[in-house]
Structures are given as C-alpha cells and as structure tokens.
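First the structure, in the form of structure tokens, and then the observations on it.
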RNA sequence: GCCGGCGUAGCUCAGCGGUAGAGCAACCGCCUCGUAAGCGGUAGGCCGCCGGUUCGAAUCCGGCCGCCGGCUCCA
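Residue numbers (the numbering used here): -3 to 644.
The following block contains the structure:
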C-alpha cells in the first residue's frame, strides 16, 4: 500500500501498515519521536492501520494534538487504576465495570460501575496508582474483533459493553486497546506507551451519571480529571478555576448584598435586596425604553390563571410535571402561571381585531413559576420563580420574518449595550417522531424555515439543534457561558402557529374574512434573574456606572470636611445619581478600601483643598487616582455616562 | 428526581468523644488622618433539624432539611 506525506512524497508500506510502520520506514528522529498521526485530517495513533492512499502527517509530543492522545489514554489509566484500587480492597477485577471514558475540554472522565461508592477522599489514592501505571511505562496494543466475537466476550458478564458494542454501526471496526492485561473496548486513539503521558494531571471530582445519558439506565460513577502537557498549564488552569470561583454570582450576590435565597421562604425563590433590586429595576427600565421605541405596548396580568386556560393552551397536560400543582377550591382550579402567553392571548381575543392593528406587540415583565427538580436549582440561573421580559407579537403570516428580524436586532442591541460578546445562537427544531409537540407538520416546517431565514438575513451564525424546540414551536435561543463554563440560555424568540389555533383567535383581513394570526413569543433577557446572574459574572460584580447600585462614594479626609462632603452628596443626588457620603469615624484609607471592595465605580475624596476650591478628587475602582476636578464638571460627566448607558 | 460531598457566630474558617474558638463584619469608646485595613473594648452559638450509640456527642451512627459538584429534565 501507499501513503502520501505532507511534502507530497509517496511511501510504499506493507498491507495493513500503521503510523508506527511509517515512522520506522522514515527512520531518523521519527522513529523515536512519533506519537501519532493526522490521517486524512483525522487523529490516528501509531497502532491503527492506515487506509490505502492516505495523506499522513506524523505528530510528536510537541504537536497540540498530542494532548488529545494522552488525555484519552489517561481515561484508560484511570479505569485500570480504579480496578486495581478495588482489587486492593479485596474485590475481584470484574467487579469494576466500565461505561465510556472520553476526552473533554480540559481533561477526561470515565464512567465506572464500582462495587462501592467512590468518594472524593479516594481520588488521591487512585491518582497515585495512575502515576505508578505511568512509571511502569506500559505499551498499548490495539486489535480488532469481529462483532460476534466481541459480543461473546462480554455476553452475560458486562451489560454495558454489550450495549456499547450493539451501538457500533455495522461496518465499523470494533477495536480494543490493551495494556498490561487491562483491555477496553475503544475506538482510540491512544499514546503508544503510558510512559509518554505527562504526569501533569489531577482527578477533580466524582459525580453520578446515567449510562448512555438515559435516566432509565443505571447510574454509574463518573470520575473527572484534568490533564495538561506541562506543570505550568495545570497550575494555570487550577489558578484560573479559583479566579472563576470569585466571579460566581452566588458568591458576589452575597458579598455585594444583591440577593438572597432563604430556605425558609423556599428554595429556588429569590429575595432581591435593595442593592440588587437597583440593577434589576435599571435593566427593566432599559428594556421598557427600547421596547417602547419599537412599538410595544405594556400590559399587566395576574400570577395565576384558571386551569381551563392552561388546558386550552396545552400547558397543563404537556408540562404538568414541571408546574406547581393546581390549587383547587370550591369547584374551580387555578394554576400558578408557568408562562404569560395564555393571558396575553386573552387580551388579544377580547375584541375583534383588524389586520390594520397588526403587528400587535404586547409586553409584560411577567413573573412565572415552574417546578424545577431540586437537583437542578442553581443560584439565579435556575430558579422556581422568575420574571421574564416577555412579549407576544401577533402578526400576519407575511409579517413573521420582518418581526422576527426586528427582535433579533433588539436582542443584539441589548447584548451590545452590556458588552456581552461571548454568546452563540442556537435554533431549536422539533425532534422527529417525538410526541411532545403540538400542531401540524406544515406549520412546524414553515416556522423552522422562517427562523433560519431571519437569522441568516440578520447575519447571525447559528447551530441547529434537533429536539430543542418549545412544545408549541421552534425557536432561536441566545446562549452564554457562566464563569465556570456552564452554558445557559438567555434570550429566546419563538414562532408559534399553534396557540392561535388552540385559542381560535382571528383578525379580519382586507377581504373582510377572518384569518388566523401568527404569534412570536420573545424575551431578549429570557429571565431577568438568570440574565442578571450571568451579568454579575460577566462584570465580576464591577457594574458599569448606569447599573451600579451605588454609583459614587464620597470620602471626607477628616471630620471637618463632613459639611462639604454633604454638599457634594447633595449635588450628585440632585442630578439623580446614587451616591453615599461616608461619614464614619474611620481613616480615609480604610474607607477607600471598603468602597473598593464593594466595587463602587467612583470614589470622590474631599479635603481642605477641595472644600476650598469646590472640587473633588476623583478615583475609580481600578485603583486609579484620576486627579482633581470641579464638582460641576464631575456631576455633568457622571450624568452623561449614566444617561448614555456607557460601559466605561 | 438520582449519585457523591459539605452544613460550627452575619462572612471565612479552626476544633473531630471530656466546659464552643479565631479573623473580618456589628456595637461602644479613643484617634481626625491626603488615596486599599489606626487602637482598645463589648456583644454575638439549640455546632442545620430529629433520633440513636455512650457515663459523656459539635465530634461516632441513622433519617430528614438545606447547600455544592455532576447526571437526567428544562416552556
């Protein structure tokens, strides 16, 4: 057989040759240094046979792809170590069964069915065994088996591997990797010897994980690890993790007194403290202004609705398990509202509508309640009661695309104003064959097409994810990552042909006949709680001036400056700024430190000179002394920055 | 909901079978100071809750509640 090298040279190798055979044929440093290969753009190890005529580039430990190889092998080393760990405890080797063990962003994990729970306390011991396996420098061997033989090997002994083999598509090779008697079904690729793995790894935590991600399957124990090429990279990663934890909105929420979750009130229910509520109100005000500019009208509806309403909308039977149960009294039943749309639809339906009224855009900062599973609750980002910056646009089928694009524009404007640059757009479509959706196929197909067209025409790049649609229609979501790298959905825009149908709402067209409107459900923030949670982490608590709960603190140097500090406070306050004068009996240095820790954007120091000249000494939270300015100038400047919603 | 871990003062944490501790914050007093912590004092605890083991439990065991990390779910 022949393969082609990056320089175009063709090399003749024996049938079934591997990258190792190639490295040996090339000789020289390749023989010693090759650890894998890129074959037709795909990462191969030294053990896997090369396809005829392949383009092959050998890689060494210096290439970035090496990381993938050793992380994958580390997963196997972990599995072997766990097996040894339990053997030391007196269990037979086959008492430890294995699920999958892939490479992930910073390392790897392995799903393990062990005879005893693995706890965090066991990790150092398991790590030590892993290091020993690295020191033993074990060679890895790869081989393939026919499907029948592979199945026979595990039949009746290991249901996980049997299931995994059955999942391998017909025609694909079924390969195994083995080191020192430890064999695992695996597609590869791996490093050729465990001694090549850099010892810069760490097992981080254990978690439960259902086999194949299906809650009907048994739960295995997933051991997570991180691994890098150098000690520095590992150290950096762990340091960054610590830094990220300082941005955690749950921590900052407490430190900056923004919000509270009190078990006595109930889990997943947010108590907004005065400082946090300032931010919340500013965000709402911002959104209200932007929506008014774009032709929205505000409405207000109650927190509950009759069960009949939700039976008509379809919420009740379809999502009963994620709602608080109905409240029944006398012969009526009510539901805490999980969504605002049915109420808005009834506002639409309250009178005969003309095509001339459309698009009708009804907006509400509506608070909804959903019964989220307890294990899923998370600070502000997953709660049981939250306020949506919700609106429903009722329009003609012809208006859908333009309206949809206008909402994309609004959402991008909001993100831009707040400096949120790191997000992705995701279109959620219906999963074929699922019964959790309402409405007919033609409408779904049309809506899915309209969303994609609108997104493309707005120059948005997006991914399409099947099965991510709402039960009544497909949607476009804006997704961001929090400080610790978890993804959260913020803004959402959904096209809905179904609820208008279920509520039988109409408008009178130019032809005098009734027509069915289309609804667009949309919320640029998504949930104000979640959005603010993300925003806290995005700004690390250092909010831009217009959002900062306290915009400026005045620090008098000595007690004799208190009257002037008061005057400065009054001047800023009169301009509508949120300002506090610090008249405590403390040293100026201590006061500055306090306001810095509270992440107040502006500190104004006043002493003899300032009082005399009518100036203030300006200092911002990035520890910069900006100089001395006339009071009136500072007031005007701060006011302009607030009004312009500047990011600084 | 499931698996694992953790609950000690408002916060961060020590103590881990034998009389509940520190720093910060709070409160009181002294100090009046030029850009990140002045000094002294006072108060603050059903050691998450319930039960068990023990002469004796913050400490050991069990259940519950809450939180944390994942998994599943997610309008």
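A virtual CB, placed ideally from N, CA and C, is assigned to each residue, including glycine.
Best match in the options for proximity to residue i [C-alpha to C-alpha]
i: residue 492; options: 114, 518, 552; result: 518
i: residue 311; options: 323, 335, 324; result: 335
i: residue 526; options: 126, 482, 556, 500; result: 482
i: residue 233; options: 253, 203, 209, 197; result: 197
i: residue 9; options: 2, 20, 449; result: 20
i: residue 338; options: 556, 359, 105, 114; result: 359
i: residue 560; options: 529, 602, 545; result: 602
i: residue 289; options: 505, 181, 357, 130; result: 357
i: residue 116; options: 78, 7, 138, 614; result: 78
i: residue 592; options: 613, 238, 618, 438; result: 618
i: residue 458; options: 34, 464, 448; result: 448
i: residue 154; options: 195, 165, 110; result: 110
i: residue 68; options: 103, 48, 87; result: 103
i: residue 400; options: 452, 552, 302, 186; result: 452
i: residue 280; options: 543, 574, 569; result: 543
i: residue 99; options: 294, 204, 579, 186; result: 186
i: residue 596; options: 610, 607, 573; result: 573
i: residue 465; options: 426, 50, 59; result: 426
i: residue 283; options: 36, 520, 274, 194; result: 520
i: residue 467; options: 391, 439, 33; result: 439
i: residue 114; options: 236, 429, 199; result: 199
Separation of residue j from residue i, as counted between CA atoms
i: residue 405; j: residue 454; result: 8 Å
i: residue 145; j: residue 494; result: 52 Å
i: residue 184; j: residue 245; result: 39 Å
i: residue 564; j: residue 632; result: 13 Å
i: residue 213; j: residue 206; result: 6 Å
i: residue 604; j: residue 558; result: 11 Å
i: residue 516; j: residue 478; result: 28 Å
i: residue 24; j: residue 18; result: 12 Å
i: residue 541; j: residue 642; result: 7 Å
i: residue 420; j: residue 475; result: 5 Å
i: residue 548; j: residue 270; result: 16 Å
i: residue 407; j: residue 387; result: 13 Å
i: residue 189; j: residue 174; result: 11 Å
i: residue 7; j: residue 130; result: 34 Å
i: residue 5; j: residue 119; result: 48 Å
i: residue 152; j: residue 414; result: 58 Å
i: residue 550; j: residue 325; result: 56 Å
i: residue 330; j: residue 552; result: 57 Å
i: residue 347; j: residue 510; result: 13 Å
Terminal residues of the beta strand (DSSP E) in which residue i lies
i: residue 82; result: Segment 61 to 84 is the alpha helix (DSSP H) holding residue 82; no beta strand (DSSP E) there.
i: residue 308; result: That residue, residue 308, is in no beta strand (DSSP E); its alpha helix (DSSP H) goes 303 to 309.
i: residue 190; result: First-last for residue 190: undefined, no H or E at that position.
i: residue 484; result: 483 to 492
i: residue 295; result: Segment: none, residue 295 is in no beta strand (DSSP E) and carries neither H nor E.
i: residue 391; result: 381 to 391
i: residue 419; result: 419 to 425
i: residue 478; result: Note, residue 478: premise wrong, no beta strand (DSSP E); not H, not E.
i: residue 551; result: 548 to 552
Exposure of residue i, with buried meaning 16 or more beta-carbon neighbours within 10 Å
i: residue 577; result: buried
i: residue 533; result: buried
i: residue 433; result: buried
i: residue 138; result: buried
i: residue 383; result: buried
i: residue 317; result: exposed
i: residue 484; result: buried
i: residue 132; result: exposed
i: residue 523; result: buried
i: residue 352; result: exposed
i: residue 296; result: exposed
i: residue 293; result: exposed
Residue interval of the alpha helix (DSSP H) (run including residue i)
i: residue 211; result: Careful: residue 211 lies outside any alpha helix (DSSP H) and carries neither H nor E.
i: residue 203; result: Where residue 203 is concerned, there is no enclosing alpha helix (DSSP H), although the beta strand (DSSP E) it sits in stretches over 197 to 206.
i: residue 633; result: 627 to 639
i: residue 412; result: 396 to 413
i: residue 231; result: 227 to 243
i: residue 452; result: 437 to 453
i: residue 157; result: 155 to 163
The region 372 to 385 / the region 254 to 273 touching (three or more Cβ pairs under 8 Å): yes
Quick one: any contact between the region 142 to 157 and the region 217 to 229, if contact means 3 or more CB pairs under 8 Å? no
Inter-stretch contact (C-beta, 8 Å, three-pair minimum) for the region 28 to 46 and the region 75 to 93: no
Check whether the region 26 to 38 touches the region 149 to 159, taking contact to mean three or more Cβ pairs, one atom from each stretch, closer than 8 Å. no
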